[in-house]
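Some notes on the structure that comes next.
Residue numbers (the working numbering): 1 to 245.
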């Protein structure tokens with residue numbers, strides 16, 4: 001990431017203001033609301049030290065997690081993520097969380113599956129200046145060769161096949177695999193298989209939300225798995241039609 005940390009701090013404050021009130025920001029950052037307002041309005045830049053404090057506080061106080069907790073909705077066992085993954089302000093915060101968690105591993109490519117993983121992958125790729133590869137359920141015109149992987153989906157019962165263009169990821173790439181929701185891990189396992197077939201190295205898995213613990217077996221295949229928000233309750237499969245797998 002090459003962005004000036006002072007500008008980044010202001011961008012993230014602007015994102016936070018779309019979800020939090022000035023008094024909440026005051027309590028989080030221990031700064032007077034007029035100062036925060038001046039930062040957000042662009043009237044003054046924070047010093048580099050102050051910018052670092054703001055950025056570190058966002059992580060240390062788990063501010064993004066708190067916002068997701070406010071925004072997430074569960075209806076009859078279905079986790080609704082639309083208000084999270086389709087809000088640019090929250091995506092910017094999510095992308096920064098992923099950047100902090102994986103910057104030491106310097107990923108060069110972000111791999112995800114259509115559809116809801118795409119905005120998350122793009123937000124993260126922007127921080128790393130990384131390319132994005134999307135595994136889709138159909139082949140598209142423009143690519144001659146594909147790597148494919150099929151797995152059983154339960155809702156409804158069917159065989160799902162993901163196709164990844166074979167030229168998008170190379171052996172030199174360091175891949176971060178991304179999804180919006182992690183529940184059973186089937187989709188992530190498919191993405192792990194597809195990535196390994198390219199010969200690239202996998203630096204880790206990142207998911208915005210995880211549900212239950214059935215996905216824990218993935219820790220045997222990937223050394224680092226990071227999530228922001230954990231939904232502890234595991235819902236019956238027939239109730240979870242909007243989950244990612």
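Idealized CB from N, CA, C, for every residue including glycine.
These numbers come from a predicted model, not from an experiment.
Starting from residue i, follow its DSSP beta bridges and name the residues at the other end.
i, result
"residue 205", "177, 225"
"residue 70", "In the DSSP output, where bridge partners are listed per residue, residue 70 has none listed."
"residue 109", "131, 175"
"residue 146", "165"
"residue 152", "159"
"residue 120", "Per DSSP, none; premise fails for residue 120."
"residue 231", "211"
"residue 136", "163"
"residue 182", "210"
Output needed for residue i: all residues of its chain with C-beta closer than 7 Å, excluding positions within five of it in sequence on either side, in chain order.
i, result
"residue 20", "none"
"residue 243", "Low confidence applies to residue 243: its pLDDT is 41, below 50, so where it sits in the model is not reliable, and the reading given next is rough at best. Counting only Cβ-Cβ distances below 7 Å, and skipping sequence neighbours, we find 79, 181, 183, 211."
"residue 107", "128, 130, 174, 175, 176, 203"
"residue 219", "225"
"residue 105", "174, 203, 204"
Just to confirm my understanding: we take residue i, look at its own chain, exclude 5 residues before and 5 after, and list those with CB closer than 8 Å. What are they?
i, result
"residue 229", "65, 68, 69, 72, 208, 209, 210"
"residue 56", "none"
"residue 247", "Past the boundaries of the shown model lies residue 247; the chain is included only from 1 to 245, so the question cannot be answered."
"residue 32", "26"
Am I right that residue i and residue j are in contact with their C-beta atoms under 8 Å? What's the rounded C-beta distance?
i, j, result
"residue 181", "residue 202", "That pair is no contact at about 20 Å."
"residue 131", "residue 114", "At roughly 16 Å, the Cβ-Cβ gap does not stay under 8 Å, so residue 131 and residue 114 are not in contact."
"residue 223", "residue 206", "In fact, because the Cβ distance is near 13 Å, the residues do not count as touching under 8 Å."
"residue 111", "residue 177", "5 Å"
"residue 51", "residue 5", "5 Å"
"residue 92", "residue 12", "7 Å"
Measuring alpha carbon to alpha carbon, tell me which of the options ends up nearest residue i.
i, options, result
"residue 215", "194, 188, 142, 87", "188"
"residue 158", "141, 178, 186, 131", "186"
"residue 87", "122, 36, 134, 153", "122"
"residue 83", "48, 120, 160", "120"
"residue 42", "31, 9, 91, 151", "9"
"residue 200", "172, 28, 220, 218", "172"
"residue 27", "3, 54, 47", "54"
"residue 169", "218, 153, 213, 109", "109"
"residue 118", "133, 105, 104", "133"
"residue 3", "217, 35, 139, 48", "48"
Can you give me the Cβ contacts of residue i inside the same chain, cut-off strictly under 6 Å, excluding the 5 residues immediately before and after it?
i, result
"residue 149", "162, 190, 193, 194"
"residue 143", "165"
"residue 14", "40"
"residue 89", "15, 18"
"residue 116", "85, 180"
"residue 231", "211"
"residue 59", "100"
"residue 38", "44"
"residue 247", "Absent from the model: residue 247. The displayed extent of the chain is 1 to 245, so no value can be given."
"residue 7", "none"
Segments assigned beta strand (DSSP E), at least 3 residues, entirely inside the region 54-103
73-75, 78-80
Ignoring anything shorter than 4 residues, give me the alpha helix (DSSP H) runs that lie fully in the region 11-52, in order along the chain. 22-29, 33-41
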